[in-house]
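J.: Sequential numbering from 1 applies to the sequence shown in my numbering.
Positions of the beta carbon are idealized from the N, C-alpha and C atoms, including for glycine.
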Amino acid sequence: MEALTMLRRVLPALTAAAVLVPGACYQDDTTAASPSRASVARVLLTDAPFPYDSVASVNVYVVSVSASTDPDTSDDGGWEVVAEPRRRFDLLSLQQGTTALLGEGQLSRKLYRAIRVVIDAGASDIRWADALVEEPLALIADASDVEIVIDWDVGRSFLYNYYGTGEFTLIPWLRAVHRAFTGTLAGTVTSNHTGTTQPIANANVGVYGGDPSRPATWYVIATGRSDATGFYRVSFLGSGTYIVRVEQPDYPYLARSTISGVVIAAGDTTTLPVSLQEAGAGGAFLQISGPTSVGVGGSITLFAAVGDASGDPVPNPTVSWTTSNASVADVLGIGDTASVTGRAPGLTTITATSGTLRDSVTIEVTGSAAPVASVVVQPGSAEVAVGDSAGFTVVLRDAAGNVLSGRPVSWFSTDSAFVIEGSFGTYVLGRGRRVGSALLQATSEGKTGQATITVH
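#1: Mind checking whether L272 and G187 have CB atoms under 8 Å apart?
#2: By the three-class DSSP mapping on this structure, what secondary structure does D397 have?
#3: Is it buried or exposed, R485, if we count other Cβ atoms within 10 angstroms and call 16 or more buried?
#4: Could you compute how far the alpha carbon of T387 sits from the alpha carbon of L276?
#5: Determine the direct distance from the alpha carbon of E247 to that of T393, and round the result to whole angstroms.
#6: Whole-angstrom Cβ separation of T366 and S405, contact assumed at under 8 Å?
#7: Pull up the distance between the alpha-carbon of A180 and that of A265, whole angstroms please.
#8: Going straight from the alpha carbon of T182 to that of I259, what length do you get?
#9: Under a three-way DSSP split, which group does R343 fall into?
#10: List the whole-angstrom C-beta distance separating S374 from N402, where the pair is believed to meet the contact cut-off of C-beta under 8 Å.
#11: I want to know whether the stretch 349-358 touches the stretch 428-438 - three or more CB-CB distances under 8 Å.
#12: Could you check if I334 is buried or exposed, using at least 16 other CB atoms within 10 Å of its CB as the buried criterion?
#13: Whether or not the stretch 291-311 and the stretch 227-238 are in contact is what I'm after, with contact meaning three or more pairs of Cβ atoms, one per stretch, closer than 8 Å; do they touch?
#14: On a CA-only basis, which of A201, I288, R245 is nearest F231? Give me that one, please.
#15: Would you kindly work out how many angstroms separate the C-alpha atoms of T229 and P199, rounded to a whole number?
#16: Could you tell me how far apart the beta carbons of T269 and T184 are, in whole angstroms, since I believe they sit closer than 8 Å?
#17: DSSP beta-bridge partners for E383?
#18: With distance defined between alpha-carbon atoms, name the residue in L347, V372, S389 nearest to A399.
#19: Excluding sequence positions up to five away, which residues of its chain have a Cβ less than 6 Å from the Cβ of Q287?
#20: Comparing C-alpha positions only, which one of A326, S191, A451, R407 sits nearest to P484?
#21: Between G187 and the ligand MG, is there a pair consisting of the residue's CB and a ligand heavy atom that are separated by less than 7 Å?
#22: Quick one: Cα of V189 to Cα of T69, how far?
#23: Just curious, the beta strand (DSSP E) that Q441 is in, first and last residue?
#24: Given this structure, state the Cα-to-Cα distance separating V435 from A390, to the nearest angstrom.
#25: Buried or exposed: where does H456 fall if 16 or more other Cβ atoms within 10 Å of its Cβ makes it buried?
#26: Are the CB atoms of G342 and V294 nearer to each other than 8 Å?
#27: When we look at the beta-carbon of R87 and count the other beta-carbons within 10 Å, is it buried (16 or more) or exposed?
#28: Consult DSSP for P215 and reduce its assignment to one of helix, strand or coil.
#29: For A281, does the three-state DSSP call read helix, strand or coil?
#30: Please check the pair T443 and S410, which I expect to be a contact at CB under 8 Å, by giving their CB distance rounded to whole angstroms.
#31: Bridge partners of N204, per DSSP?
#32: For L332, which residues from the same chain have a beta carbon less than 6 Å from its beta carbon, with the 5 sequence-adjacent residues on both sides left out?
#33: Under the assumption that G267 contacts G164 (Cβ atoms under 8 Å), give the Cβ distance between them as a whole number of angstroms.
#34: What are the boundary residues of the beta strand (DSSP E) that includes W79?
#35: Tell me R87's beta-bridge partners as DSSP assigns them.
#36: For G422 and S381, I'd like the C-alpha separation in whole angstroms.
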């Protein structure tokens, strides 16, 4: 394949406080840190499975790992170095829960809200334009020794030909978690669509947070992928209840499986076998599979599976494809395969029709590969009564003022007067806990915006 080049980006700070301290999304000011001994932190690196089979390795040279108490990472000060491995790691060898030790160091008893991983791109196989890339994250160090796991979701971070440039664009997705507070999800993906139970390889396993009854609120926590035997493992999940969705996009005749109420407990492994059923449940069906986002100028491929009245796949079906907004994305379909090309930022609905059967999917087109330059929380101020809830959104823009989407956003409340109950990407829901005031901060790619909240 053509040479791998990277578009240099200013990388984001992702809040992981809710994962590291179970049941807490805020700093309780009644338990201020005391000058006790420092924590010894071991920093581990892992990776979610990479979706590009044509890529043999993603070698990244990690210079250092630092922690900061400030979520706004645009200022280069205030970082405490945790580890300086100064060596290369093959991210593709760190899958299914495998880790590599980056190093260890001491951290004082503070609320750490960002981790920065400095990478020497000149010593990495997938190269950026400049030498150093900084990657802020988030963690909390408590009074005990800690193991910090940096989970770099390479498959979601390195997007090939996303903007039609023939390059890998880096939009990084990372998590930093306290290993002691995490558990594991594992199982085997199978299907009996042939009449016998067979393993399903390369199935996508997504672990989501959000309201199970409202898919619009779902947000990705972590991802996994099944191996040749159908086995998958998603490690380092915080204790809690999740939504799990499993699908094999190369087999559109298999219906995706969604399981809610999956409980993960710290130190334990939750076993979740998944059987993918035939689409249509034994009757006629049409189902679209494929990616749901693309950049302006980039193209994605969608597939449609058609089943007859008995639920059997129809070979070489006749399928027509349409788009609800050709100014956002156009679609060119040939039989059961369609190419969707992004034209302008926005949303469009792609519909496939075969006879009386039809299926639709919403495609998001993102308009800029530029880094985040400004973060604005809306509304900028609010008054909330104790016990009442309030919602906020964030708008991200690049230096030219273009609205950006599809970027990681982290949320943080500076005081326990206002508690974050759930964050869903660019939307957050919180509740007034006691009389007082707090700043609600949103951070993306090192830029922070905030709203002032008064609780009465």
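T.: To lay it out plainly:
#1: yes
#2: For the sequence presented, residue 397 should be read as Arg rather than Asp. The answer is strand: DSSP assigns R397 an E or B state.
#3: This structure cannot settle anything about residue 485, because the visible part of the chain is limited to 1 through 456.
#4: A small correction: the amino acid at residue 387 is Gly; Thr does not occupy that position in the sequence shown. Those two C-alpha atoms are separated by around 43 Å.
#5: 30 Å
#6: 5 Å
#7: 11 Å
#8: 20 Å
#9: coil
#10: No, S374 and N402 are not in contact; Cβ-Cβ is about 11 Å, not under 8 Å.
#11: no
#12: exposed
#13: no
#14: A201
#15: 6 Å
#16: 4 Å
#17: T454
#18: V372
#19: P252, A279, A305, D359
#20: Residue 484 lies beyond the stretch modelled for the chain, which goes from 1 to 456, so this question has no answer here.
#21: This structure does not include the ligand MG; it has no bound ligands of any sort.
#22: 41 Å
#23: 436-444
#24: 15 Å
#25: exposed
#26: yes
#27: exposed
#28: helix
#29: coil
#30: 5 Å
#31: R225, E247
#32: S339
#33: Actually they are not in contact, since the Cβ atoms of G267 and G164 sit about 46 Å apart, beyond 8 Å.
#34: No beta strand (DSSP E) contains W79, which DSSP labels as neither H nor E.
#35: V62
#36: 19 Å
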